[in-house]
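Per full-length UniProt numbering, residue 1 is the first one in the sequence shown, and the count goes up by one each step.
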Amino acid sequence: MQKELLTIVVERKESDEPAEKRKSELSAEEAYKILKNISDEDAVILGFNPTYARPEWMIVTVLPVPPLSVRPPIAMDTTSIAQDDLTHALSQIVDANNQLRKLRQSGSPALVVNEALSRLQIVHATYIDNELNGIKVPNFLCTCMYACASS
1 MQKELLTIVV ERKESDEPAE KRKSELSAEE AYKILKNISD EDAVILGFNP
51 TYARPEWMIV TVLPVPPLSV RPPIAMDTTS IAQDDLTHAL SQIVDANNQL
101 RKLRQSGSPA LVVNEALSRL QIVHATYIDN ELNGIKVPNF LCTCMYACAS
151 S
């Protein structure tokens, strides 16, 4: 198994095919299905207490959003205010998610849907950790942070 940016490439050793054909990308949905099928007995062997933690819970399916009182607007000067970084990042996640939903509903080609999915993964990952090594932060996040920092 090899991690490339935000993807996981799995190589199936039991196959007689050449090495390149044995490799495939493991999506978050596929990983979630695999982890969800782990029995409680196997979860205990893996070190989980199934009452309090399940392996599939390692995949984010619900994003907790802090209330506005925790992320108040930033005063740019005496007359204007701006969104804080968390609110901006959350709005980027919502926008990327809505775009992905529209593309899936309209029957867009898989390549276009995968690009939108990658964008959603990147904005989510940078929301969780804005300084991820090896992941280029999208320009829209850099621009907002630069604008907030330079004022």
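C-beta atoms are modelled at their ideal positions from N, C-alpha and C, and glycine is treated no differently.
Scanning its chain for C-beta atoms nearer than 7 angstroms, with the 5 sequence neighbours on each side dropped, one finds around N97 the residues L120, in chain order.
With a cutoff of 8 angstroms on beta-carbon distance, A116 and Q99 are scored as near each other. A straight line joining the alpha-carbon of V123 with that of R12 spans about 30 angstroms.
A direct Cα-Cα distance of roughly 10 angstroms separates G107 from R101. Judged by DSSP in its simplified three-state form, A75 adopts strand.
Distance between L86 and R71, taken at the CA atoms: about 7 angstroms.
Around the beta carbon of P66, fewer than 16 other beta carbons lie within 10 angstroms, which makes this residue exposed.
If the five residues before and after D84 are omitted, its C-beta is found closer than 6 angstroms to the C-beta atoms of R71, I74, all from its own chain and listed in chain order.
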